[in-house]
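Take a look at the structure below.
Residue numbers (the working numbering), protein chains in the order written: chain C, -12 to 491; chain S, 1048 to 1414.
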């Protein structure tokens, strides 16, 4: 449904304000939907045209129930696309719609300008619809249950992508032409049979053949984009390969949103509060605005509100760069009072946060800008489960611990990093994956189930190298039997691990 | 905008119901399905279907939060981002899904292929129901039907020419008044009383009681779906029997000997005094570990059953829970005596997994 005139006017105003502040976004189309439509669209990850799958139904049920019992409701939803699509909830108050619009323009600006989004498809609305059509065609051809089961298996491997992948141009086309023997140069053709005698050519050819035979170790480099590897090398039928590619494409589309949750929400919250409080808010709306805004940035004990953390960090950065609280001189100053009163009136704040929103993701954002002062001011802590008391408790407020824990949670979206190291393990066409162990073991039963799915795709036995309780292990599943084997020398794995964990 | 969510939603519901079917045994014995019993809703942790991924194990619990408190301060409530709090079996993640008792009973019935119970005495038992369907000229003001009254007055005023469209004032007089009136309708109704008896002597341990608790929950759920009203009575016994409330029923642990007849006598007394046969379907359930004080008492029990209890009860169910200490003799005696009699159902419950078959044995005959 298109916007009613009142909201169309409102949109035009908010858009103008946003542009005045220097936000830069694709054209944004707002649509008014009721709560049920909102839940439906949200269940489909924002794309009403997606392929059919029960997990969307599950999502829908949960959203609907939460809405029905008043636990939560979705105020707004915005889709990274050109043009941007944003959905407004019909039942909201006008002041809420205003906040939502301002918020949405923050997101749209972020989608367009943050570098991690540069490789996402901006025609995702169409792409998703195409994916839906393709999947439906396969359903018609091979049957619903077959396709669904295959999708289930693919989804089990969905997180095995390499978030840096879109930025790496590594898929050089594999040279298909066969290598030929390099002959020595001769100036005179009659000398040829002497300089390159038949036996020599023969022996060189044999050598090449032997080399080709020996080069059974692939991939050359460990491959973190496991889905791509499977697409390239697993014995899949054409429709299966296509579905896998759909799942992979969508995973890559969503991945930057996962990588920039704090930044993105923080940015949008920063701008809705700026636009509202400085421009758009009318006197009669102040109380409702304050209520809504405080609800957005409220914090529950034990969970981190990305809106809150994000907006506070941007404000903090803006303040620091306005006052010049950065650089060598500031860092080396160890007088608390001087530091507190530090003000060079640089006024670089606004410029800095625009730069930050372009160049960072959550990990680098936290790593660079989370300071001890900020941590103390915002009362951050690390909590953990205390087995003795059976409840979650605050462990520590030490800054390094907080930062470390936070970064760990954010790295690779809190997912273990797993890569293909051998597609011809033990020269038997088996698949060997390696888990880059960073101090936390995998969930064993999930691992087993995931490997079963992987095995079906790969066709041959699959193995996973990891560490459990400090012991190097190789788990192997051959389609019927699950085996585990201890490895004394963890080999490559340890060295890689060491590098990975020192990143933090 | 064409939305396909209904299709996906139905698919999910089907899978969930199917899930319950295929893993039913496991849930029912692990007690995962007993949730809060508020009003008509029961919250049941049920597998939301989680697709397995390679993911971090339980050591990854905890996270970063914001707020007041010293180290060691417990957090109020459950942290939301307790990553890695996974379910304990593959492919399952427990979330609370609300099922109504009716839905639950339906699933149970489907799963165990329980026949619908033919209530006994449903023909005799009638209840008068009142329904407000008509209008009367007289009645109390509290039942005045405003709209009809208004309409009558309007009609009268238009007919008599006193209605002025410019100043449309309607004044009803007594003749215009209309009141809601009710009609009686008769409905057959069936009620049931369940009398749970349990041996609480020393040999019944916590595990045995838990099994009984789970089993009674399911029995209750099923019978409730079959009858309009259910009364539940609880009797515990060792050497002597007494009636208790539900809480006490599952908590009490005595150490004395066991006289099963004491419970049966008490149950019979309750039935005789409070539940006339013409109005009630009667379900006595007895759970014990099979120990009885003496063969003489067992004979007395059998006599009681034959002479009295079976004449009034729909069916008499005896569940024997396996225990280290019990001799398990009682069930053999019952079986010997009542091999031909369909009204006595016995069942051995060896462990939690046995609850499944036991319920089927008890309720599978449609009585």
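The beta carbon of each residue, even a glycine, is placed where N, CA and C say it ideally should be. Quick caveat, the model's predicted, so the values are computed rather than measured.
query, result
"With 9 Å as the C-beta to C-beta threshold (strictly closer), list the residues of the segment 361 to 381 of chain C near chain S in chain order.", "365, 366, 367, 368, 369, 370, 371, 372, 373, 376, 378, 379, 380 and 381"
"I need the straight-line Cα distance from residue 1242 of chain S to residue 1336 of chain S, nearest angstrom please.", "18 Å"
"Which residue comes first and which comes last in the beta strand (DSSP E) that contains residue 1327 of chain S?", "1327 to 1335"
"Show which residues of chain C have a CB atom less than 9 Å away from the CB atom of residue 1117 of chain S.", "381 and 384"
"What is the DSSP secondary structure of residue 1284 of chain S, counted as helix, strand or coil?", "strand"
"Cβ of residue 286 of chain C less than 7 Å from any chain S Cβ?", "yes"
"Would you check if the distance between the CB atom of residue 1178 of chain S and the CB atom of residue 1230 of chain S is smaller than 7 Å?", "yes"
"Under the DSSP definition of a beta bridge, which residues are partnered with residue 1277 of chain S?", "S:1239"
"At a CB-CB cut-off below 7 Å, which residues of chain S make contact with residue 434 of chain C?", "1101"
"Chain S beta carbons: is any one of them nearer than 7 Å to that of residue 45 of chain C?", "yes"
"Indicate the three-state DSSP secondary structure (helix, strand or coil) for residue 335 of chain C in the structure shown.", "coil"
"Using CA atoms only, rank isn't needed, just tell me which of C:418, C:106 and C:463 is closest to residue 431 of chain C.", "C:463"
"Compare the Cα-Cα distances from residue 332 of chain C to each of C:310, C:316 and C:340 and report the closest residue.", "C:310"
"Give a yes or no on contact between the segment 1205 to 1223 of chain S and the segment 1247 to 1262 of chain S, applying the rule of three or more CB pairs nearer than 8 Å.", "no"
"How about residue 232 of chain C and residue 440 of chain C: do their beta carbons lie closer than 7 Å?", "no"
"Which residue wins for smallest C-alpha separation from residue 19 of chain C, given the options C:64, C:43, C:190 and C:45?", "C:64"
"Are residue 308 of chain C and residue 93 of chain C touching if we call contact CB-CB under 7 Å?", "no"
"Using a beta-carbon distance below 7 Å, is residue 1055 of chain S in contact with chain C?", "yes"
"Short of 7 Å in beta carbon distance, which residues of its chain neighbour residue 7 of chain C, apart from the five on each side in sequence? Order them along the chain.", "none"
"With a threshold of 6 Å on Cβ separation, who are the neighbours of residue 1299 of chain S within its own chain once the five nearest residues in sequence on each side are excluded?", "1247 and 1283"
"Is the segment 120 to 139 of chain C touching the segment 278 to 297 of chain C, taking contact as three or more C-beta pairs under 8 Å?", "no"
"Can you list, in chain order, the residues of the segment 120 to 144 of chain C whose Cβ is nearer than 7 Å to any Cβ on chain S?", "139, 142 and 143"
"Taking the alpha-carbon of residue 72 of chain C as reference, which of C:81, C:102, C:39 and C:12 has the nearest alpha-carbon?", "C:12"
"Residues in its own chain within less than 8 Å of residue 1059 of chain S by CB, not counting five upstream and five downstream?", "1096"
"Give a yes or no on whether 7 Å exceeds the smallest Cβ distance from residue 324 of chain C to chain S.", "no"
"Going along chain S in order, which residues have a C-beta closer than 9 Å to the C-beta of residue 30 of chain C?", "1052, 1055 and 1056"
"So, at 6 Å on beta carbons, what are the nonlocal neighbours of residue 1287 of chain S in its own chain, with the 5 sequence-adjacent residues on each side left out?", "1309"
"Could you tell me which of S:1208, S:1307 and S:1371 sits nearest to residue 1340 of chain S, measuring between CA atoms?", "S:1307"
"Comparing C-alpha positions only, which one of C:151, C:5 and C:79 sits nearest to residue 90 of chain C?", "C:5"
"Given that residue 195 of chain C touches chain S, what residues does it touch there, using C-beta distances under 9 Å?", "In chain order: nothing, as chain S lies at least about 39 Å away."
"When the Cα atoms are used, what is the spatial distance from residue 170 of chain C to residue 187 of chain C?", "9 Å"
"Residues of chain S with a CB under 7 Å from the CB of residue 48 of chain C: which are they?", "1056 and 1059"
"Does residue 403 of chain C have its Cβ less than 7 Å from a Cβ in chain S?", "yes"
"If you follow the beta strand (DSSP E) that residue 570 of chain C is part of, which residue opens it and which one closes it?", "Outside the shown range of chain C (-12 to 491) lies residue 570 of chain C, about which nothing can therefore be said."
"Locate the alpha helix (DSSP H) running through residue 7 of chain C, then write down its first and last residues.", "-8 to 7"
"Less than 6 Å separating the Cβ of residue 1328 of chain S from some heavy atom of the ligand ATP?", "Among the components of this structure there are no ligands whatsoever, and the ligand ATP is therefore not found."
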